[in-house]
Structure formats: C-alpha cells, structure tokens
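Trainee:
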Amino acid sequence: MVTVVGGGFAGVECAWACAQRGVRVRLYEMRPTTMTPAHKTHLLSELVCSNSFKSQEPDSPAGQLKAEMKALGSLVIPTGEANAVPGGAALAVDRDLYAQAVTKAIEGHALIEVVREEFTPEMAEKALGGPLPASPDAGPRGDKTNAMSGEGTNALVIATGPLTSEPLAQWLAEKTGRDSLYFYDAVSPTIDASTIDYDTVFAQSRYEKGEGDDYLNCPFTKEQYHAFVDALIKAERAPLHDFEKPKYFAGCTPIEEIASNGVDSLRYGNFKPVGLTDPKTGRWPYAAVQLRPENKEKTLYSLVACQNRLKWGVQKEVLQMIPGLQNAEFVRLGVIHRNTYIESPKVLTPWLEFRSVPGLFVAGQLTRRRGSTPASRSRDAPKGSHPSHRREKRPTVRSSATCKTRPRASSRR
Amino acid sequence: MNINWGLFPDPPDAPRKKDDRRQKKLDAARRAFDEWKVAMEA
Numbered sequence: 000m001v002t003v004v005g006g007g008f009a010g011v012e013c014a015w016a017c018a019q020r021g022v023r024v025r026l027y028e029m030r031p032t033t034m035t036p037a038h039k040t041h042l043l044s045e046l047v048c049s050n051s052f053k054s055q056e057p058d059s060p061a062g063q064l065k066a067e068m069k070a071l072g073s074l075v076i077p078t079g080e081a082n083a084v085p086g087g088a089a090l091a092v093d094r095d096l097y098a099q100a101v102t103k104a105i106e107g108h109a110l111i112e113v114v115r116e117e118f119t120p121e122m123a124e125k126a127l128g129g130p131l132p133a134s135p136d137a138g139p140r141g142d143k144t145n146a147m148s149g150e151g152t153n154a155l156v157i158a159t160g161p162l163t164s165e166p167l168a169q170w171l172a173e174k175t176g177r178d179s180l181y182f183y184d185a186v187s188p189t190i191d192a193s194t195i196d197y198d199t200v201f202a203q204s205r206y207e208k209g210e211g212d213d214y215l216n217c218p219f220t221k222e223q224y225h226a227f228v229d230a231l232i233k234a235e236r237a238p239l240h241d242f243e244k245p246k247y248f249a250g251c252t253p254i255e256e257i258a259s260n261g262v263d264s265l266r267y268g269n270f271k272p273v274g275l276t277d278p279k280t281g282r283w284p285y286a287a288v289q290l291r292p293e294n295k296e297k298t299l300y301s302l303v304a305c306q307n308r309l310k311w312g313v314q315k316e317v318l319q320m321i322p323g324l325q326n327a328e329f330v331r332l333g334v335i336h337r338n339t340y341i342e343s344p345k346v347l348t349p350w351l352e353f354r355s356v357p358g359l360f361v362a363g364q365l366t367r368r369r370g371s372t373p374a375s376r377s378r379d380a381p382k383g384s385h386p387s388h389r390r391e392k393r394p395t396v397r398s399s400a401t402c403k404t405r406p407r408a409s410s411r412r
Numbered sequence: 000m001n002i003n004w005g006l007f008p009d010p011p012d013a014p015r016k017k018d019d020r021r022q023k024k025l026d027a028a029r030r031a032f033d034e035w036k037v038a039m040e041a
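Protein chains in written order, with numbering that gives the first Met the number 0: chain A, 0 to 412; chain B, 0 to 41.
1) What are the start and end residues of the alpha helix (DSSP H) that includes B/Gln58?
2) In three-state DSSP terms, what is A/Ser51?
3) Count the C-beta pairs between the region 227-235 of chain A and the region 304-320 of chain A that are closer than 8 Å, then say yes if the count reaches three, no if not.
4) Any beta carbon of chain B sitting closer than 8 Å to that of A/Asp277?
5) Would B/Lys36 count as contacting chain C if we go by Cβ distances under 8 Å?
6) Is DSSP giving A/Ile105 helix, strand or coil here?
7) Assuming A/Gln289 is part of the beta strand (DSSP E), what are its boundary residues?
8) Could you give the C-beta distance for A/Cys217 and A/Ile254, rounded to a whole number, given that I count them as a contact under 8 Å?
9) When the distance is taken between beta carbons, is A/Arg331 closer than 8 Å to A/Ile194?
10) Between B/Ala28 and chain A, is there a C-beta pair that is closer than 8 Å?
11) Sort A/Leu365, A/Gly358, A/Ala88, A/Thr366 by Cα distance to A/Leu127 and report the nearest one.
12) Between which two residues does the beta strand (DSSP E) holding A/Ile111 run?
13) Determine the direct distance from the alpha carbon of A/Ala61 to that of A/Ala70, and round the result to whole angstroms.
14) If we count the other Cβ atoms within 10 Å of its Cβ and call it buried at 16 or more, is B/Lys24 buried or exposed?
15) Could you give the distance in angstroms between the alpha-carbon of B/Ala41 and the alpha-carbon of B/Trp35?
16) Between the Cα of A/Leu309 and those of A/Val334, A/Ala226, A/Tyr97, spot the shortest distance and give me the residue it belongs to.
17) If distances are taken between C-alpha atoms only, which option among A/Lys174, A/Pro161, A/Gly21 comes closest to A/Gly10?
18) Is A/Ala362 helix, strand or coil by DSSP?
19) Taking all protein chains shown into account, decide if A/Thr298 is buried (16 or more other Cβ within 10 angstroms of its Cβ) or exposed.
20) Look up A/Thr2 in the DSSP assignment and give the residues it is bridged to.
21) Tell me whether A/Ile76 sits in a helix, a strand or coil according to DSSP, three-state version.
22) Leaving out the 5 sequence neighbours to the left and right, which residues in its chain are closer than 6 Å to A/Gln289 when beta-carbon positions are compared?
23) Have a look at the DSSP bridge pairing and note the partners of A/Ile190.
24) Within the continuous beta strand (DSSP E) that includes A/Lys215, where are the two ends?
25) Note down, in chain order, each residue of its chain lying with its Cβ closer than 7 Å to the Cβ of A/Gly274, except the 5 sequence neighbours on either side.
26) Is the shortest distance between the beta-carbon of A/Glu67 and the beta-carbons of chain B less than 8 Å?
27) With the cut-off set at 8 Å, would you say A/Ala424 and A/Ile111 are in Cβ contact?
28) According to DSSP, is A/Ile257 helix, strand or coil?
29) In or out: A/Pro272 buried (at least 16 other Cβ within 10 Å) or exposed?
30) For A/Asp277, which residues does DSSP report across the bridge?
31) Give me the residue from A/Arg266, A/Leu167, A/Ala258 with the minimum Cα distance to A/Thr413.
32) In whole angstroms, what separates the C-alpha of A/Gln63 from that of B/Lys16?
33) Would B/Pro11 pass as a contact of B/Ala27 if the rule is Cβ separation under 8 Å?
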C-alpha cells in the first residue's frame with residue numbers, strides 16, 4: 000500500500016497513478032476538518048490561484064508536459080480538458096466542475112481510500128516504522144526492509160503543497176536538517192460578470208488565439224493608467240509578520256510591488272496591451288487588464304495577473320479604477336498566503352525520495368516546482384522509484400527530459 | 000518559474016534562430032520521453 004498525504008494536484012495524480020497500476024492507496028486530506036488560508040472547499044485538486052493550466056500548444060514546454068502526462072495516464076489533464084473554459088492558447092478550467100470531477104474519480108476508485116483527517120508527524124513516523132533520524136547528518140536508515148513496516152505501508156508520499164500544515168512542515172524541516180523555507184504567493188481577484196461595463200471592455204484573445212474572443216479586455220488610456228498606478232502605489236497593504244521578509248515568487252509578485260519598480264513596469268508586464276486591438280480605436284491601448292472566465296457560464300471573471308496584497312477596502316476602490324470595472328462587484332478579493340517548500344536538490348534523490356529516509360517521498364509544489372502542471376507531473380517518478388513500483392524491486396530509469404525541470408525558486412536567488 | 004525553453008541547455012550546434020533552437024529542444028524532449036517510456040514499459 001502507498002500512503003499519500005495531500006489531495007491537491009500532485010496528491011491525486013500520485014494516488015491515481017498508483018491505483019491504476021493495481022496498488023492500494025490511502026489518501027489523506029485534512030480539508031474540510033482543517034482548512035488552509037487559501038482553500039474554499041473540501042474538493043480534491045482545488046485550484047486556489049489561477050484557473051489556467053498554461054499553454055496547451057503542442058510546441059510549447061507546457062504543452063509537451065501535458066502530452067507526456069496524458070501518455071502516462073494522467074487524471075488531472077483529461078479532467079481539465081473535459082471541464083475547460085475559453086482561455087486562448089491556455090487550458091483554463093471551470094474550477095468547481097473540474098475539482099468535482101477529480102473528487103468523484105478519486106473517491107470512486109476501488110483501490111483508493113480517502114481519509115479526511117490531518118496527517119500528523121506522529122502518523123508519519125508510525126507509517127515509516129518508528130522514530131526517524133533528526134536530520135540527514137544522522138545518515139540514511141540502513142535497513143530498507145524495516146522502513147514502511149507500520150500499517151503495511153510500502154511508501155509514504157508527502158504532497159501537501161505550499162500550504163502544508165505547520166506541524167508537518169516543521170517535521171519536514173527537522174528531517175531535512177534545515178530551516179523551513181518559504182515565499183509568498185498571491186491570488187488574483189474575481190468579479191461578478193453582470194457588473195462589468197460592456198460598453199468599455201472588448202472581447203478578444205491576444206493575437207486572436209483560441210476562439211479569438213476568450214478574454215475581455217479593459218483598455219487604459221495614458222491618463223487612466225497613470226492615475227491607477229499612482230493610487231496603487233499609495234494604497235495601504237496588508238501587513239506581514241514582523242519576522243518575515245516579503246519574498247515573492249517571481250510569477251506572482253503583487254502588482255503594487257511591480258508598480259513600485261517603475262511607472263511603466265505594469266504596462267510592459269502584467270498589463271501589456273500587445274496583440275489586443277481595441278475596436279473603438281483600431282489600435283492597441285496604452286495598457287490593458289485582461290479578464291478570463293472563471294466558469295463555463297461566464298458569470299464570473301478573474302482579473303488576470305492582478306494578484307495583490309492591498310487591504311480589502313482600498314483594494315476595491317483601486318481596482319474599480321480599471322476601465323470597465325467602475326461598478327464591479329468582487330466575489331473574491333486578492334490575497335497573499337505563505338508557501339512552504341524544501342531544498343530538493345540537497346535533500347531528495349532525483350526521484351524525489353528523501354536521501355535520509357528511504358520510502359519517504361515528496362511530490363508537487365513542496366519540491367519547488369512551480370505551477371499546477373509541473374507539480375502534478377512530479378509524481379511521475381521513474382520506473383523502480385515510483386512508489387507503485389516499490390514492491391516490484393525493478394531497476395531505476397531516469398525520468399524524461401521535460402520532467403527534469405529546474406527547481407522553481409532558482410530564479411529568485 | 001513555470002516551465003519554459005530557457006530551462007533547457009542549448010542543443011549541440013544550436014541554430015541561430017530562436018524558433019529553430021526551440022524546435023530542436025522540443026524534438027529532443029519528445030525523443031527522450033519516447034525512449035524513457037519504452038524503457039519503463041520493458
């Protein structure tokens with residue numbers, strides 16, 4: 000049996016992969032008993048940030064990754080495709096329908112038992128067959144046959160993601176012999192579609208990819224853009240703990256931080272207008288915010304790349320300065336949350352097994368892979384090292400080229 | 000960082016044009032995946 004902890008992207012992919020290969024799986028998910036700062040539901044594989052799985056174009060790295068995952072029997076990619084919403088070149092999904100479908104598939108699999116309970120360090124040590132060394136300096140556990148003897152488990156996979164519960168994160172930090180590392184991630188706001196000013200926005204995908212009109216675009220004039228940036232920089236921000244430095248993942252830096260780097264930073268980045276021709280002027284606007292449908296009915300739209308950590312009152316006021324959103328009603332405002340990850344190259348083998356604890360694996364964003372697709376791809380450990388192969392004692396084969404993505408935080412150092 | 004072609008080393012005799020370099024990397028990725036899958040299934 001394989002024990003998987005965490006019912007996010009990597010956890011469900013790992014559980015599914017093992018079960019499809021005939022291995023019994025016990026999947027622990029602490030929601031809804033214990034919620035996280037970002038999750039809203041009890042559903043497995045819930046998307047807490049963007050509803051986009053990135054490009055599905057076959058000649059892009061993300062598209063190739065998807066093709067590889069599908070070839071290996073992925074659950075999340077075909078489910079995402081079955082619950083897609085218009086997203087231009089990207090695979091964007093209706094996050095509720097998608098998560099419901101994944102939950103149904105996992106809970107309905109005969110070989111997967113879903114346990115709705117917080118997985119504690121004590122349970123981990125019991126599953127691994129007793130107390131573990133305090134750090135990798137204590138050396139690897141010599142006898143693999145004794146590992147995983149508790150409760151008949153052959154492998155324990157921690158796939159708890161960046162929102163790992165504090166006790167488990169602390170336990171992982173102790174086992175790796177290093178302080179827990181973290182950075183901040185931010186979530187974009189979502190608005191009610193009926194409150195958008197459709198006389199101002201225009202429907203168009205960048206360079207008319209996809210269906211050509213998958214996105215709504217809020218076009219800024221020069222004056223509107225500068226007024227927005229000015230208000231954004233001056234707006235009050237939600238405080239961080241005193242002892243925490245605001246380290247952000249580069250792809251999710253709050254817009255107020257980007258704007259603080261220079262007045263043009265946003266219009267050459269998150270708000271770039273290239274490939275968006277305003278039908279009123281026949282030209283690209285000075286800057287543009289894109290709105291992407293959140294659901295198939297298009298009753299909700301998310302503000303693309305508008306993640307921020309402004310205080311909620313002022314956040315509404317500032318975002319309503321975006322042309323077309325002057326009367327917008329927000330069903331979710333931007334927030335930031337702390338993410339945890341481990342230093343994979345130092346503590347894990349190439350197949351994501353702890354060097355110091357045979358039988359203990361890590362999958363998903365805890366390994367510092369960025370984004371849902373690369374994170375869920377990480378469960379595709381090589382033959383012989385995949386938890387489902389543990390009982391078979393097969394030789395190890397290194398993973399494929401696209402799988403060998405560089406750890407995600409390397410660019411921020 | 001999301002996955003992108005910049006994460007992969009340039010192929011030997013890398014073409015000057017960016018699109019051609021990317022295509023070569025894509026071909027290598029597809030070849031490596033197919034070889035890995037065959038090895039896994041053997």
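Glycine included, every Cβ here is placed at the ideal spot set by N, Cα and C.
Mentor: This is what the structure holds:
1) This structure does not reach residue 58 of chain B, given that chain B is present from 0 up to 41, and the question cannot be answered.
2) By 1-based counting over the first sequence, the position of residue 51 of chain A is 52. Of the three classes helix, strand and coil, the one that applies to A/Ser51 here is strand, per DSSP.
3) yes
4) For the purposes of this step, residue 277 of chain A is taken as residue 278 along the first sequence, with counting starting at 1. It does not; no Cβ of chain B falls within 8 Å.
5) Note that chain C does not occur in the displayed structure, where the protein chains are A and B.
6) Along the first sequence, read from residue 1 onward, the residue named residue 105 of chain A stands at position 106. Helix.
7) Here the question's residue 289 of chain A lines up with position 290 in the first sequence. First-last of the beta strand (DSSP E) with A/Gln289: 286-292.
8) For the purposes of this step, residue 217 of chain A is taken as the residue at position 218 of the first sequence. For the purposes of this step, residue 254 of chain A is taken as the residue at position 255 of the first sequence. About 14 Å; that fails the 8 Å criterion.
9) Locating residue 194 of chain A in the first sequence gives position 195, where the first residue counts as 1. Locating residue 331 of chain A in the first sequence gives position 332, where the first residue counts as 1. It is worth fixing the name first, because residue 194 of chain A is Thr in this sequence and not Ile. Against a cut-off of 8 Å, the Cβ pair of A/Arg331 and A/Thr194 comes out as no contact.
10) To locate residue 28 of chain B, count along the second sequence from 1; it is residue 29. Answer yes: the Cβ-Cβ gap between B/Ala28 and chain A drops below 8 Å somewhere.
11) By 1-based counting over the first sequence, the position of residue 127 of chain A is 128. Nearest option by C-alpha distance: A/Gly358.
12) For the purposes of this step, residue 111 of chain A is taken as the residue at position 112 of the first sequence. Here the beta strand (DSSP E) through A/Ile111 covers 111-114.
13) Position 71 of the first sequence, counting from 1, holds the residue named residue 70 of chain A. Position 62 of the first sequence, counting from 1, holds the residue named residue 61 of chain A. Answer to the nearest angstrom: the Cα atoms are 14 Å apart.
14) Stepping through the second sequence from its first residue, residue 24 of chain B is reached at position 25. With 16 or more Cβ atoms within 10 Å of its Cβ, B/Lys24 is classed as buried.
15) By 1-based counting over the second sequence, the position of residue 41 of chain B is 42. By 1-based counting over the second sequence, the position of residue 35 of chain B is 36. Going by the C-alpha atoms only, they are around 10 Å apart.
16) As a position in the first sequence, residue 309 of chain A is number 310, starting the count at 1. When only C-alpha atoms are compared, the closest one is A/Val334.
17) Counted from its first residue, the first sequence places residue 10 of chain A at position 11. Measuring from the Cα of A/Gly10, the nearest candidate turns out to be A/Pro161.
18) Locating residue 362 of chain A in the first sequence gives position 363, counting from the first residue. Note: A/Ala362 maps to coil in three-state DSSP.
19) Start at 1 with the first residue of the first sequence, and residue 298 of chain A comes out as number 299. Answer is exposed; the Cβ neighbour count stays below 16.
20) On the first sequence, position 3 is the one that residue 2 of chain A refers to. Paired residue(s): A/Arg25, A/Leu155.
21) What you label residue 76 of chain A is simply residue 77 of the first sequence in a count that begins at 1. Note: A/Ile76 maps to helix in three-state DSSP.
22) Counting from one through the first sequence, the residue named residue 289 of chain A turns up at place 290. Within the same chain, A/Gln289 has close Cβ partners Tyr214, Asn216, Val303.
23) In the first sequence, residue 190 of chain A corresponds to position 191, counting from 1. Checking the DSSP bridge columns, you'll see A/Ile190 partnered with A/Tyr300, A/Phe329.
24) As a position in the first sequence, residue 215 of chain A is number 216, starting the count at 1. Position check: residue 215 of chain A holds Leu in this sequence, whereas Lys was assumed. Its beta strand (DSSP E) spans residues 215-219.
25) As a working note, residue 274 of chain A is residue 275 in the first sequence. If the five residues before and after A/Gly274 are omitted, its C-beta is found closer than 7 Å to the C-beta atoms of Arg205, Tyr206, all from its own chain and listed in chain order.
26) Numbered from its first residue, the first sequence carries residue 67 of chain A at position 68. So yes, A/Glu67 belongs to the interface.
27) Missing from the structure shown is residue 424 of chain A; chain A here goes from 0 to 412 and no further.
28) Taking the first residue of the first sequence as 1, we reach residue 257 of chain A at position 258. Residue state, collapsed to three classes: helix.
29) The residue you call residue 272 of chain A lines up with position 273 of the first sequence. Result: buried.
30) For this step, residue 277 of chain A is matched to residue 278 along the first sequence. Note: A/Asp277 sits in a beta bridge opposite A/Arg282.
31) Absent from the structure is residue 413 of chain A, since the part of chain A shown begins at 0 and ends at 412.
32) By one-based count along the first sequence, residue 63 of chain A stands at place 64. By one-based count along the second sequence, residue 16 of chain B stands at place 17. If I take the Cα positions, the gap works out to 21 Å.
33) Walking along the second sequence from the start, residue 11 of chain B turns up at place 12. Walking along the second sequence from the start, residue 27 of chain B turns up at place 28. It is not a contact, given that the beta carbons lie outside the stated cut-off.
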